[in-house]
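Since the structure comes first, as structure tokens, the remarks are kept for the end.
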Amino acid sequence: MWARNLLFLAVCGIGILWTVGTLSQPASRFVYFSGASPSGKPARSEGLPGTRRHRDQSWQHALAQLDAQFREAWAAAGLTPAPRADDLTIARRLSLALVGTIPSLEEIRALEAWPEDERLPRWVDHLLADRRYAEYWSERLARAYVGSEQGNIVLFRRRRFRLWLADALAKNMPYDELVRHLLADEGVWTGQPAVNFITATINPAGGNEPDPVRLAGRTARAFLGMRIDCLQCHDDKLGTIELGTADDPQGGTQAHFHELAAFFASAQISLVGVRDGQRPYLVKYQGDAQERKVAPRVPFGKEFFEGHGTRRAQLARWVTHPQNRAFARATVNRVWALLFGRPLVEPVDDIPLHGPWPVGLEFLADEFVRSGYDLARLIRLIAASAPMLRDSRADFPITQEHEAAWAVFPLSRLRPEQMAAALVQASWLKTIDGQAHVLQRLAMAGQIDQFVCRYGDLGDDESSDQASTIPQRLLLMNGELVKERTRPQPLVTATSRLAMLSRDPPRQVETAYLAVLTRRPTPTEKAHFVTRLFDVSPRQRGQALEDLYWTLVNSTEFSWNH
Amino acid sequence: MMRSALPSRRDDGIAMCDLKAHLSRRSLLAAAVGLSGIPWLTTLAERLAMAEEARPRRRPRSLIILWMSGGPSQLETFDPHPGSRGAHASTRAIPTAARQVQIADTLPQVAEEMASIALVRSVVSKEGDHERAAYNLKTGFRPDPTLVHPSLGAILCHQLSDDVEIPRHISILPDPFPPRGGYLGGKYDAFQTFDPAQPIPDVRPPVDVRRAARRLDDLLTIVEPAFAQRRRADLTQRTLHTTSIDAARRMMSSEQLKALDVSAAPQSLRAAFGDTPFGRGCLAAVQLIEVGVRCVEVNLTGWDTHANNETLVRERCQILDPAFASLIRELKARDLLDTTLVLWAGEFGRTPRVNPAGGRDHWPHGFTVALAGGGIAGGRVVGETSPEADPQATDKLRFVRDPRNVEDLHATILHLMGVDFRQELRTPIGRPMVLSEGTVIQELLAS
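Chains B and P, in that order, are what the protein sequence lines are. Read left to right, the first sequence gives residues 0 to 561 (numbering that gives the first Met the number 0). Read left to right, the second sequence gives residues 0 to 446 (numbering that gives the first Met the number 0).
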């Protein structure tokens, strides 16, 4: 309780300092933007390093080819693509996808000051350089690698693992290298955080050793885009698992699964952390009377398997081998899902080994391998692609087919973390990023955790696409976070800042729309809410603004990606 | 597909007005499914509805789960082995209202109700981690990274229809792993609420009636139409956004919400349950069941006794004992015990030997779960653990007689609820899943 009070006082204190600063230079401060020119003037492109370097000729060429593939597919299916969405709409999508929240008013002002043709590339560069990208994506990827469980606190350090991932993402470590660390590193879970991929599977009820079965299942899903978990107990009965080669496809068998698991059997816990020992892998196959020793063998692609080093190192090299298309496809599909809220192949971790594959997947997989598994380059490519730029509205009737073929941008519900972060961001005006005060970020983290818990964490089920529920609506309509973030708290929330900084209702309405919905109001909306503000005495305007904020955060538009 | 044009019933199972007199259960179910936009459940719902009509016998309506978060020690509660090598010196076994059943002296009031309570003392599972084991107990399946299974309450809400205005699945004082709808959908997640002495979270508008009405009016007549322009015609079915706002408003103004408030209950009754959040939660659970809620979970936390087990468990039991016993008594007094199944369980038990810190560690190899009411044969005991159980032994199951799996508990509960647990549902990606892979524990059934 005491800590909370102190925190509150501290936040108020920051608010006072910040507002005093703001009032002394009211207009230009809105345009201030970290990384751009602090004077508020539009910065020129050379002011932001990277944009050109990251988008060389080969990148441009790849983008053109990718777009051509989609346009051909739309034409062939007789689908008219939606027109291009406006920059702010696209900026909102990219911000939600890359840093897990909506753009701040401060960022919007900066974005709009940039030359039009440079806006989106610079926006993506800005987001990728932001520590929030590394933090947000590390959590998303961690859920694929080790799940959302907190696990065994002695042998598994989820936080350490996630921070290591975040650092790797921040420096854009080649993705194949990152995955080799996960699969093959040895050492202690605190000093060598990648080994937490292994120790996350330790079951205290199962002898306190890493579990080869769970490791095999995770490896197949996260890195090969294959759900072969059911092969653990029986051969494939549904005919949904295809291994072997394209010319000679084979159904999945129990042996395929356990031969993959056998690569992990050598991983053992020792005094120096995870080491590769000599543990044999024993399995009793269905119908067998006795256990048998199973030797490690890859479930397909034996031609690029190289047998030297520890078993896990052998597996790691095979998984990330340039000829292993499954690895590239799995990664592309996951990155696409994070950017669009929906994968190219659903579910995200179940991609047919021998096809057919949807438009874009093979091409992007090729590009990803050719670029040396450059994750940021892949993100830049998808972020600039024709599907990402499509509007989610059109002048023709939009059907399920349009969304399925990416001819219009598909609607998807915001993840709980995105909702919470967006709520907090909408009420601050200034960007809450790595440069924000530590207390402010702490307060935000606490509020987000509480909100996510009540809104319903998706857990491991990352790509779950569900409609909204009653408790979620109640939380948005009456919940603490919304109440606190929309109430005109002196110096803290956007509503009171708006009431103080601008006495001009049209501007207040426009600013509220930008801060919450990342767009300007339509003429009808503007007229309506400006009247609402004029209808009350200037004293009560804070309350009317609070009502406006409530209305906007409770809209479908706010809780969906569009 | 049977599609009904009834506007009265929404997919969340909340009726807007009382039309049930005019409608058979079957058409209601079909309407509920028809409006939900989830075609993969249709035939199932129809089949169920038909089965329902063909079988008019009275069956249990509701489920109360007393969730002991952290993993309660079986040895100081329902499975004492006084005088054994692993027992605390202070542990005593006391006789109960059920002949031949003895439980620990920490639960004297519960002992008086044992004629209504059955014990399974031989539950075994393979999960020794809190989160995974809680998932296992709540869903009847081991965690599967490719699928989230629904918890018991979610299955019941999905399989049976109700007409209450408040959530049919409620978790009071939830632990970090509240019951979820899983592949059945987020709408089956438990509504989470806290100590009934506190206001119910999120149901009071933060502003006065006039402003609240104006806010909603602005939302529904100005902002929502602006967003809907030039979008998919089925936007509202896709998002269910305004539908859930309507349902949320009905809930906010519902008289049934009072069931979550125990302050109006007689002082003597409140005192009987105990002046604790858990005691109040149990009393609220009775009231909620009475107004027609399908499943209530009440959580008592603090059972993770790695150190100082003896004192800590005794303290927990001082809270548990009056609440659990009063719950049984009150359900009986209101003639609800026959139609309400009560499950007492935590994620696992504790090691049969005391560790150097005077604590007990996680033990999924033989622990106790208690059941009462709703078709359970009170006073029975299934299975037995050995007083000689040794945590260091390689084969830990050799100390358990007649071991039962977690899924068997689920099969038994679903069976008593009248749910065909062997039926296969299709998950949203088309994977067939049975509701439970267990077998009914016949010994627990009251004839």
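Glycine included, each C-beta is placed from N, C-alpha and C at the ideal position.
Local Cβ density within 10 Å of residue i, reported as buried at 16 or more and exposed below that
i, result
"His255 of chain B", "buried"
"Ala288 of chain B", "exposed"
"Phe533 of chain B", "exposed"
"Asp166 of chain B", "exposed"
"Arg98 of chain P", "exposed"
"Gly566 of chain B", "The shown model of chain B, from 0 to 561, leaves out residue 566 of chain B, and the question about it has no answer."
"Ala67 of chain B", "exposed"
"Ile431 of chain B", "buried"
"Arg217 of chain B", "buried"
Short CB-CB distance (under 7 Å) between residue i and chain P
i, result
"Leu47 of chain B", "At Leu47 of chain B, the pLDDT of 47 sits below 50, so the modelled position is not reliable; the number obtained from the coordinates is stated separately. Cβ-Cβ to chain P under 7 Å: no for Leu47 of chain B."
"Arg562 of chain B", "Outside the shown range of chain B (0 to 561) lies residue 562 of chain B, about which nothing can therefore be said."
"Trp549 of chain B", "yes"
"Lys482 of chain B", "yes"
"Pro211 of chain B", "no"
"Arg226 of chain B", "yes"
"His233 of chain B", "no"
Sheet register partners of residue i (DSSP bridge)
i, result
"Gly562 of chain B", "Residue 562 of chain B is absent from the model: chain B starts at 0 and stops at 561."
"Phe190 of chain P", "P:Ile169"
"Leu281 of chain B", "B:Lys292"
"Ile116 of chain P", "P:Ala371"
"Pro248 of chain B", "B:Gly243"
"Val535 of chain B", "None, per the DSSP bridge assignment."
"Pro94 of chain P", "P:Gln101"
Contact under 7 Å by Cβ, residue i with residue j
i, j, result
"Phe272 of chain P", "Val109 of chain P", "no"
"Ser636 of chain B", "Leu93 of chain B", "The requested residue 636 of chain B is not part of the displayed model; chain B covers only 0 to 561."
"Trp362 of chain P", "Gly372 of chain P", "no"
"Val119 of chain P", "Val381 of chain P", "yes"
"Arg379 of chain B", "His53 of chain B", "yes"
"Ile375 of chain P", "Leu299 of chain P", "no"
"Val295 of chain P", "Ile169 of chain P", "yes"
"Asp174 of chain B", "Tyr372 of chain B", "Reading the sequence as shown, one finds Tyr at residue 174 of chain B and not Asp. Yes, they are a contact pair."
"Ala76 of chain B", "Ala442 of chain B", "no"
"Ala425 of chain B", "Val515 of chain B", "yes"
Inter-residue spacing [alpha-carbon to alpha-carbon] between residue i and residue j
i, j, result
"Thr398 of chain B", "Leu239 of chain P", "17 Å"
"Arg403 of chain P", "Arg414 of chain B", "39 Å"
"Ala445 of chain P", "Val433 of chain P", "25 Å"
"Ala283 of chain P", "Ala263 of chain P", "11 Å"
"Leu268 of chain P", "Lys257 of chain P", "17 Å"
"Arg157 of chain B", "Ala189 of chain P", "27 Å"
"Pro37 of chain B", "Arg518 of chain B", "Because the pLDDT of Pro37 of chain B is 36, which lies under 50, any placement of that residue in the model is unreliable, and the question is left without a value."
"Asn195 of chain B", "Arg400 of chain P", "37 Å"
"Arg8 of chain P", "Leu183 of chain P", "Because the pLDDT at Arg8 of chain P is just 33, under 50, the model does not fix this residue reliably, and the value given afterwards should be weighed accordingly. Between Arg8 of chain P and Leu183 of chain P, the C-alpha separation is close to 19 Å."
"Glu254 of chain P", "Arg506 of chain B", "43 Å"
"Asn332 of chain B", "Phe226 of chain P", "29 Å"
"Glu402 of chain B", "Trp58 of chain B", "26 Å"
"Tyr134 of chain P", "Asp162 of chain P", "28 Å"
"Ile440 of chain P", "Ala419 of chain B", "44 Å"
Below-7 Å beta-carbon distance, residue i vs any chain B residue
i, result
"Gly185 of chain P", "yes"
"Val222 of chain P", "yes"
"Phe193 of chain P", "no"
"Ala258 of chain P", "no"
"Ile428 of chain P", "yes"
"Pro204 of chain P", "yes"
"Glu254 of chain P", "no"
"Phe226 of chain P", "yes"
"Leu342 of chain P", "no"
"Glu423 of chain P", "no"
"Thr238 of chain P", "yes"
"Ser435 of chain P", "no"
"Phe176 of chain P", "no"
"Leu218 of chain P", "yes"
"Glu442 of chain P", "no"
"Arg214 of chain P", "yes"
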